[in-house]
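Numbering (the numbering used here), first residue to last: -17 to 317.
Next up, the structure:
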């Protein structure tokens, strides 16, 4: 058997090899194979399961849609959670929240065609064993039926609402930082008022003004406690950070434990929460990661792979106009 996508009206035949020396069609369009017979026509667009039996000279072509089912899935054992076909990768996938139970793949929301994993090796078997989910969480499940062996992958992912990027027409890697079609963009701000009315400037947003955010204050508190500040406590700090993450995740799945609340985490969380709000440079300086050291990013120091820069860059230069107006000013070291 095998699986293939056909557009509506696609004509096809079966061959013994990669040539037309031995081929079979269907003269009567009745599921019976005939040597050198007429082309077989797919009546509708779909992902077809093809079975050929040369002993009986018959075949079947069953259109399939796929889903996952099981006590680990949102629909339990009662109804399949549908998957989506991607023609570019010839795969089916679904993003789903799974519990620590099990599931299987099945076609057409019925048990006639179902796949499990007998060997727990990632290779699927018809009517095979349930697939165990070791840990609850959000998963991207992908099913590959393009060629035997039939396989699948399960990738845990975060449902952090802040993890959204604009990728259409964009490349991930940046070879020229002056090209705004390189690198993913972040659709964080809209040029709309709270009433949904567009801003006056139709080219750039009207919302580019400084503001204080409660999340920033919560993260300041947690950082101060972790740095040994008095008057606060770790339990309150953890509660503040988890309040931010519950807003971002929509639930408690992203919550931390006390052991996970570290200064390195705070630096990363400030990036996730406050990106494009003018904090990153100051944060990196405060955490000792802006200059010197081995904390690199693309185009740091003006080179694509990033490089360490001297510590005098922690301070901006004094503008030449200021020094011209007040000659007693001394330029910051390094400039």
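Note that the Cβ used here is the ideal one computed from N, Cα and C, for glycine as well.
8 Å or more divides the Cβ of residue 272 from the Cβ of residue 249. Secondary structure at residue 194: coil, using DSSP grouped into helix, strand and coil. Residue range 245 to 256 is occupied by the alpha helix (DSSP H) that includes residue 247. Every unbroken stretch of the beta strand (DSSP E) spanning 3 or more residues and falling wholly within the region 17 to 69 is given here in chain order: 28 to 35, 40 to 46, 48 to 51, 66 to 68. Note that the region 144 to 164 does not touch the region 75 to 89; fewer than 3 beta-carbon pairs, one per stretch, sit closer than 8 Å. DSSP places residue 222 inside the alpha helix (DSSP H), whose first and last residues are 216 to 231.
Annotated as distal: residue 105 and residue 142, with beta-carbon spacing of 8 Å or more. In terms of Cα proximity to residue 116, the closest of 33, 84, 127 is 84.
Within the DSSP bridge table, the entry for residue 75 names 66, 124 as partners. In the structure shown, residue 166 adopts coil according to DSSP, grouped into three states.
In the DSSP assignment, residue -13 forms a beta bridge with 29. If you ignore the 5 residues before and after residue 138, its C-beta comes within less than 6 Å of the C-beta of 119, 121, all in its own chain and listed in chain order. Nearest in C-alpha terms to residue 123, of all of 225, 149, 48, 199, is 48. A distance below 8 Å separates the beta carbons of residue 52 and residue 86.
In the three-state reduction of the DSSP assignment, residue 178 falls in the coil class, being assigned neither a helical nor a strand state.
By the Cβ neighbour-count rule, residue 35 is exposed, with fewer than 16 other Cβ atoms within 10 Å of its own. Distance from the CA of residue 188 to the CA of residue 182, rounded to the nearest whole angstrom, comes to 7 Å. Annotation: residue 313 to residue 263 spans about 21 Å, alpha carbon to alpha carbon. Its Cα nearest to that of residue 55, the residue 114 stands out among 46, 12, 114, 5. Going by C-alpha positions, residue 12 is about 54 Å away from residue 169. Spatial neighbours of residue 57 in its own chain (CB-CB distance under 7 Å, excluding positions within 5 residues in sequence) are listed in chain order as 51, 63. By the criterion of a C-beta distance shorter than 6 Å, residue 126 is surrounded in its chain by 73, 133, once the five residues flanking it on both sides are discounted. Annotation: residue 3 to residue -4 spans about 11 Å, alpha carbon to alpha carbon. From the listed residues -11, 41, 7, the smallest Cα separation to residue 29 is found for -11. Counting the other Cβ atoms within 10 Å of the Cβ of residue 6 gives 16 or more, which makes it buried.
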